[in-house]
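Participant: The structure under discussion is supplied below as C-alpha cells; questions concerning it will follow.
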Amino acid sequence: MNNNTRTTTTQILKQTTHTITSHLIIFTLLSLLTLSLRSNVESTTHTLTTFIDHDPSIKSLLTRLHLPTSTSPPPPRALTRRRRPFLQLTRVGTLDDDFFSSDDDVDDHRLFGNGDRFSVNYTDLIVDRFDFRLGFSGFVVDNGIKMLLKRFEIEKHEMSALLFLLGVLSASYGFAIFGFVVTYAWVMGIVFVVVVNDLLKGYKSFFRTLWDGSSLGLKRLSGFIVMRWAVRDALTQLLGVWFFGEIEDQYMFFKIFVRLKLMPFSIVSPWVKGFEREIYGFLLSWFLLDTLISFVFAVDAWIAMVDTRKSVREVVKEGCHLMSLMLHPAINLKCLEGIVCGTFARWVLSHFLGKFFASAFQSFMEVYFMVAWLLYYFSVKSMDANATGVPFGHRELERLLEDVR
C-alpha cells in the first residue's frame, strides 16, 4: 500500500475527497442515515419539552417539589454545608431522621438543627450501589444518596400525565440508544467496506456493498459504539451536575434534564431561558472535553474494526501510539472536524441557511471525516508496520474483508 501520498493533512483530505466523489451516492445515503438520527432525536426532544411546557399538571407537580422552609434561621454550620436541592437530593447525614423511624420518633428529631419538627408528610428514599469510577465520592459510595420525597395528594389527571411522561421518556431514551448504535454501526461498516474496496481497486455492487458493510459494522463495532455513547453520556451528566445542580426550580431543571439525556446522540443544546450563564459555561466545557475525548478515540473504532480480539485498553493504547506517529495531521484533522461539525458552525449555518440545511451539511461532513480518519489510520498503520518490519499492504487489506467475501 503506497502511503507516500498521504502523510500530510492536505494529502489525506485530497484522497478523502476523491473517495467521496467516486462513491457519492453511497456516501449521500450514509449522510441521510445520520441526518435521520439527528432529526429524530431533535424532534423527540422538542416534542417532550413542548409537552412539559403545555401540560399544567406536570408543571404544577414539579413546582410543588420543594424542601420545607424554615421559619427560623439555621445555625452557621448549616449555612456553610447546605446546598440547594438537586432534584430534591440530599446527602445521607444532613437529616437526623432514620429511614425506619416511626411517626412518634419523627417528632423528636430536627431538620437542619432548627426548632421546627420534621413533618410526617415526608419520606426518605435511599439510593445506593454507586461506584467510584462514575465520579461519586467515597461517602456517597458507602452510604448512598437519600432522597426526600413529599407525599402529595396527587390528582388523577396529574398521575396520568406523570406516568405518560415517564413512559414516553423511557421509551424515547431506549429507542435513541438502539437507533444510535445501529445507525453508526451501519454507517461506519459501510464506510470501511467502501474505502477498503477503493484502495484495492475492487468492485462490488451497490446493494452488496450496503449489505456487507452493515453486517460487518454490526458484528465488529456495536460494542465500541455502546462504549463511546456511555463515555459521552457520563461526560454530559457530570457537567450537567456541575453547572445545573444548584437550580432550585425543579420544573426548569427537568426541562434541562430531558435535553441533557438526549444530548449524546446529537447536538441538542440544553437551552432554557433564564440560565444563559450556566448554559454558556456548560456548552464551552462540553465542547472542549468532548473534542479532547473524541481526539483520543479518533482511530479506535477502526482499530476495533480491524482486530476484534483486542480489549478496550489495548485499542486505546494502540490508538494513542499510532496518533503519536503522525501527530500534526491528527491535530489538524480534529480541529477542522471540531470547527465544521461543532455547535458554532451549526448556529451560523442555521442563522443564514436554515436549520435543516445545517443538519444536512454537518451530517455529510461527519461521514466525510469518518473517511478521512480511516485513511489516516491506514497511512499511519502502514508507517508503523514498515518501521517494525511487519508487512501491511494489499494482502493485509484483503484479509480485512474476509468475513464478507
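When you number the sequence shown by my numbering, it's gap-free, plus one each residue, and the end is 387.
Here a beta-carbon is modelled for each residue, glycine too, at the ideal position from N, C-alpha and C.
1) Could you please give the first and the last residue of the uninterrupted alpha helix (DSSP H) stretch that includes LEU221?
2) Indicate whether TYR233 and TRP284 have their beta-carbon atoms separated by less than 8 Å.
3) Look at VAL353 and VAL173 and say whether their C-beta atoms are less than 8 Å apart.
4) If you run the structure through DSSP and keep just helix, strand and coil, what is CYS323?
5) Identify, in the order they occur along the chain, each residue of the same chain with its Cβ nearer than 7 Å to the Cβ of GLU384, setting aside the five sequence neighbours on each side.
6) So what does DSSP say about ALA158, is it helix, strand or coil?
7) Since LEU144 contacts LEU43 with CB under 8 Å, what's their CB separation in whole angstroms?
8) Just mark ARG381 as buried or exposed, buried being the case when its beta carbon has 16 or more other beta carbons within 10 Å.
9) Just checking my contact of PHE264 with PHE239 at CB under 8 Å: how many whole Å lie between their CB atoms?
10) Which residue's Cα is closest to the Cα of ASP366: ASN22, CYS302, LEU6?
11) So ILE34 is in the alpha helix (DSSP H); what residue range does that whole segment cover?
12) Does DSSP put GLU380 in a helix, in a strand, or in coil?
13) At a cut of 8 Å, does the stretch 306 to 321 reach the stretch 331 to 340 through at least three beta carbon pairs?
14) Count the other CB atoms, across all protein chains shown, that sit within 10 Å of the CB of ILE229; report buried if there are 16 or more and exposed otherwise.
15) Is it buried or exposed for ALA167, if we count other Cβ within 10 angstroms and need 16 for buried?
16) Using a 10 Å radius around the Cβ and a threshold of 16 neighbouring Cβ atoms, would you call MET305 buried or exposed?
17) Quick one: residues in its chain with C-beta nearer than 6 Å to the C-beta of ALA312, no 5 flanking neighbours on either side, listed in chain order?
18) Is the number of C-beta pairs between the stretch 178 to 192 and the stretch 17 to 28 that are closer than 8 Å three or more?
19) Give a yes or no on whether the C-beta atoms belonging to THR26 and LEU357 are separated by under 8 Å.
20) Going by other Cβ atoms of all chains shown within 10 Å of its Cβ, with 16 needed for buried, is ARG210 buried or exposed?
21) For ASP272 versus LEU217, is the C-beta distance shorter than 8 Å?
22) For PHE247 versus ALA158, is the C-beta distance shorter than 8 Å?
23) Taking the C-alpha atoms as reference points, what is the distance between ALA153 and TYR350?
24) Go ahead and label MET308 buried or exposed: buried means 16 or more other beta carbons lie within 10 angstroms of its beta carbon, across all protein chains shown.
25) Under the assumption that VAL175 contacts GLY195 (Cβ atoms under 8 Å), give the Cβ distance between them as a whole number of angstroms.
26) For a test of the three-state rule: what should DSSP assign to THR1, helix, strand or coil?
27) Look at the alpha carbon of SER52 and the alpha carbon of PHE257, and state the distance between them as a whole number of angstroms.
28) Rounded to whole angstroms, what is the Cα-Cα separation between TRP193 and LYS243?
29) Could you tell me if HIS333 is buried or exposed, where buried requires 16 or more neighbouring beta carbons within 10 angstroms of its beta carbon?
30) By the DSSP assignment, the alpha helix (DSSP H) with GLY263 in it spans what residues?
31) Kindly indicate which residue of LYS316, TYR262, ASP215, THR3 has the alpha-carbon position closest to the one of SER276.
32) Out of SER293, VAL297, ASP37, LEU12, point me to the one whose CA is closest to SER142's CA.
33) From this set, GLY184, LEU30, ILE8, which residue's C-alpha is nearest LEU148's C-alpha?
34) Would you mind sorting ARG241 into buried or exposed? The rule is 16 or more other CB atoms within 10 Å of its CB.
35) Report all residues from its chain with a CB closer than 8 Å to the CB of ILE457; omit the five preceding and five following residues, and keep chain order.
36) Roughly how far, in whole angstroms, is the beta-carbon of GLY286 from the beta-carbon of TRP355, given that I think they are within contact range, below 8 Å?
Facilitator: Taking the geometry as given:
1) That run of the alpha helix (DSSP H) goes 188 to 226.
2) Their beta carbons are not under 8 Å apart, which means TYR233 does not touch TRP284 by this criterion.
3) For VAL353 and VAL173, yes; Cβs fall inside 8 Å.
4) If DSSP states are grouped into helix, strand and coil, CYS323 belongs with coil.
5) None.
6) Of the three classes helix, strand and coil, the one that applies to ALA158 here is helix, per DSSP.
7) With 8 Å as the limit, LEU144 and LEU43 qualify as a contact, their Cβ atoms being about 6 Å apart.
8) Around the beta carbon of ARG381, fewer than 16 other beta carbons lie within 10 angstroms, which makes this residue exposed.
9) With a Cβ gap of about 13 Å, PHE264 and PHE239 do not count as contacting.
10) For ASP366, the nearest C-alpha among the options comes from CYS302.
11) For ILE34, the enclosing alpha helix (DSSP H) covers residues 6 to 36.
12) It is helical.
13) At 8 Å Cβ cutoff, the stretches do not touch.
14) ILE229 should be labelled buried.
15) Counting C-beta atoms within 10 angstroms of its own C-beta, ALA167 has 16 or more neighbours from the protein chains shown and is therefore classed as buried.
16) Under this definition MET305 is a buried residue.
17) Excluding sequence neighbours, ALA312 sits near MET305.
18) Touching, no, given that fewer than three Cβ pairs across the two stretches are closer than 8 Å.
19) Not a contact, by the Cβ cut-off of 8 Å.
20) By the neighbour-count rule (16 or more Cβ atoms within 10 Å), ARG210 is buried.
21) Contact annotation: ASP272 and LEU217 have beta-carbon atoms nearer than 8 Å.
22) With respect to ALA158, PHE247 sits close: the two C-beta atoms are nearer than 8 Å.
23) The alpha-carbon separation between ALA153 and TYR350 amounts to approximately 31 Å.
24) If you draw a 10 Å sphere on the C-beta of MET308, you find 16 or more other C-beta atoms in it, and that means buried.
25) With 8 Å as the limit, VAL175 and GLY195 qualify as a contact, their Cβ atoms being about 4 Å apart.
26) Annotated three-state conformation of THR1 is helix, per DSSP.
27) Bear in mind that the predicted position of SER52 carries a pLDDT of just 42, short of 50, making it too unreliable to give a figure here.
28) Straight-line Cα distance between these residues: approximately 32 Å.
29) So HIS333 counts as exposed.
30) From DSSP, the alpha helix (DSSP H) with GLY263 extends over 258 to 278.
31) For the residues LYS316, TYR262, ASP215, THR3, the minimum Cα distance to SER276 belongs to LYS316.
32) The candidate whose alpha carbon is nearest that of SER142 is ASP37.
33) Ranking GLY184, LEU30, ILE8 by Cα distance to LEU148 puts LEU30 first.
34) Around the beta carbon of ARG241, 16 or more other beta carbons lie within 10 angstroms, which makes this residue buried.
35) Nothing in the structure corresponds to residue 457, since the chain is present only between -17 and 387.
36) In the sequence as presented, Gly is not what sits at residue 286; that position holds Ala. Not confirmed; about 13 Å, so no contact.
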